Amino acid sequence: MGRIAVQEAPFDAAAESAALSAGRTDIGAIASFVGLCRADDGLSAMVLEHYPAMTERALARLVAEAEARWPLTGCTVIHRVGRLEPGAPIVLVLTASSHRAAALESCAFLIDWLKTKAPFWKREEFAAGGARWVEAKAGDDAAAERW
Amino acid sequence: MQILYFAWVREKVGAAGEDMVLPEGVTDVGALMRHLGSLSPRHAEAFANPTAIRAAVNQDFATPGTPVSDRDEVAFFPPVTGG
Numbered sequence: 255m256g257r258i259a260v261q262e263a264p265f266d267a268a269a270e271s272a273a274l275s276a277g278r279t280d281i282g283a284i285a286s287f288v289g290l291c292r293a294d295d296g297l298s299a300m301v302l303e304h305y306p307a308m309t310e311r312a313l314a315r316l317v318a319e320a321e322a323r324w325p326l327t328g329c330t331v332i333h334r335v336g337r338l339e340p341g342a343p344i345v346l347v348l349t350a351s352s353h354r355a356a357a358l359e360s361c362a363f364l365i366d367w368l369k370t371k372a373p374f375w376k377r378e379e380f381a382a383g384g385a386r387w388v389e390a391k392a393g394d395d396a397a398a399e400r401w
Numbered sequence: 002m003q004i005l006y007f008a009w010v011r012e013k014v015g016a017a018g019e020d021m022v023l024p025e026g027v028t029d030v031g032a033l034m035r036h037l038g039s040l041s042p043r044h045a046e047a048f049a050n051p052t053a054i055r056a057a058v059n060q061d062f063a064t065p066g067t068p069v070s071d072r073d074e075v076a077f078f079p080p081v082t083g084g
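Residue numbers (this note's numbering), protein chains in the order written: chain L, 255 to 401; chain V, 2 to 84.
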């Protein structure tokens with residue numbers, strides 16, 4: 255279960271959310287997280303690389319783990335790859351459940367685990383020239399560990 | 002076996018991957034990293050700090066102790082930074 259996509263194209267968060275609840279009357283809550291590209295330090299673009307043969311499988315594993323831990327009625331994870339400019343959405347996580355606690359908690363869980371357990375890498379390009387690979391943050395590991 | 006490189010590991014090695022025959026005596030990810038680091042100056046620079054590199058064997062995250070065989074796809078990359 256769950257909709258998983260890795261794509262260059264933008265996503266429509268409202269349409270994805272509507273699709274999760276279309277025709278259903280058992281869903282009491284949909285939680286959503288959208289990660290956006292920030293323009294820190296004069297950043298002009300972010301280039302997202304991934305490991306195509308592994309990415310969807312890793313995301314499916316995360317969704318399966320969320321479904322095992324919370325009573326979800328639906329789940330959507332969409333992660334963009336390629337070149338993204340400041341302000342562009344990068345990632346969408348939607349979780350649906352009968353009640354809010356399961357939806358909110360599983361949404362936070364999924365984005366925390368996604369940051370440390372899915373094969374994506376961000377490279378930052380700067381308006382002044384130059385580029386650098388984003389380094390993993392200890393805080394992200396700590397956030398993933400709390401689950 | 003198929004070796005794949007991603008992010009700065011790919012840039013330092015100068016290739017997205019390579020086909021190779023697993024040398025005798027190389028039985029796990031850690032030993033494979035040491036072997037790859039001996040292949041060229043670019044490989045040596047890429048693998049200079051093995052603790053900065055993560056690996057996957059057949060598309061599953063692995064550790065230095067994970068066994069490898071000649072039929073495996075083994076990928077090397079920095080810690081992931083998606084989301």
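Quick reminder that beta carbons are idealized off the backbone N, C-alpha and C, glycines included.
Please read all numbers here as calculations on a predicted model, not as lab measurements.
Contact with chain V by residue i, beta-carbon distance below 8 Å
i	result
F374 (chain L)	yes
A267 (chain L)	no
A390 (chain L)	yes
V345 (chain L)	yes
In DSSP terms, what residue i is bridged to
i	result
D29 (chain V)	V:P68
A377 (chain L)	It should be noted that the sequence gives Arg, not Ala, for residue 377 (chain L). Its beta-bridge partners are L:V301, L:W387.
R55 (chain V)	V:F78
D20 (chain V)	V:Q3
F287 (chain L)	L:V347
Q261 (chain L)	L:R334
A63 (chain V)	V:A56
L326 (chain L)	L:S351
Minimum C-alpha distance to residue i - residue among the options
i	options	result
M300 (chain L)	L:D394, L:A385, L:A397, L:L313	L:A385
A259 (chain L)	L:A272, L:W375, L:I344, L:E399	L:I344
V419 (chain L)	V:K13, V:S70, V:W9, V:G18	It is not possible to answer for residue 419 (chain L), since the shown part of chain L is limited to 255 through 401.
E12 (chain V)	V:N59, V:R43, V:I4	V:R43
A397 (chain L)	L:K376, L:K369, L:C291	L:K369
R215 (chain L)	L:L302, L:A357, L:R257, L:F287	Given that chain L is displayed from residue 255 to residue 401, the structure contains no residue 215 (chain L) and the question cannot be resolved.
Y305 (chain L)	L:I281, L:A268, L:A322, L:R334	L:R334
A283 (chain L)	L:V317, L:W324, L:Q261, L:L316	L:W324
S41 (chain V)	V:P24, V:G66, V:G15, V:P65	V:G15
G383 (chain L)	L:G296, L:A276, L:L364	L:G296
S286 (chain L)	L:L274, L:M308, L:E339, L:T279	L:L274
F48 (chain V)	V:D20, V:P24, V:A17, V:F77	V:F77
M21 (chain V)	V:T82, V:P79, V:G84, V:E74	V:E74
A45 (chain V)	V:R35, V:A63, V:E19, V:T28	V:R35
G31 (chain V)	V:P65, V:S70, V:R72, V:Q3	V:P65
Proximal residues of chain L, C-beta to C-beta of residue i below 8 Å
i	result
D78 (chain V)	Reading off the sequence shown, one finds Phe at residue 78 (chain V), where the question assumed Asp. Within 8 Å Cβ-Cβ: Y305, P373, W375.
A8 (chain V)	E303, W375, R377, W387
8 Å Cβ cutoff, residue i in contact with chain L
i	result
V81 (chain V)	yes
Residue i CB to nearest heavy atom of the ligand SAM below 7 Å
i	result
A45 (chain V)	Among the components modelled here there is no ligand, and therefore nothing to report on the ligand SAM.
Partners in chain L for residue i, counting only beta-carbon separations shorter than 9 Å
i	result
G18 (chain V)	Going along chain L, no residue has its Cβ under 9 Å from G18 (chain V), so there is no contact; the nearest lies around 11 Å.
Neighbour list for residue i in chain V, Cβ cutoff strictly below 9 Å
i	result
I365 (chain L)	G84
Chain V contact residues for residue i, given Cβ-Cβ distances below 7 Å
i	result
R311 (chain L)	Q60
T370 (chain L)	V81
Could you run through the region 45-62 of chain V and flag, in chain order, every residue whose CB is less than 7 Å away from some CB of chain L?
-> A57, Q60
Could you run through the region 274-308 of chain L and flag, in chain order, every residue whose CB is less than 8 Å away from some CB of chain V?
-> G289, L302, E303, H304, Y305, A307, M308
Could you run through the region 319-347 of chain L and flag, in chain order, every residue whose CB is less than 8 Å away from some CB of chain V?
-> H333, I344, V345
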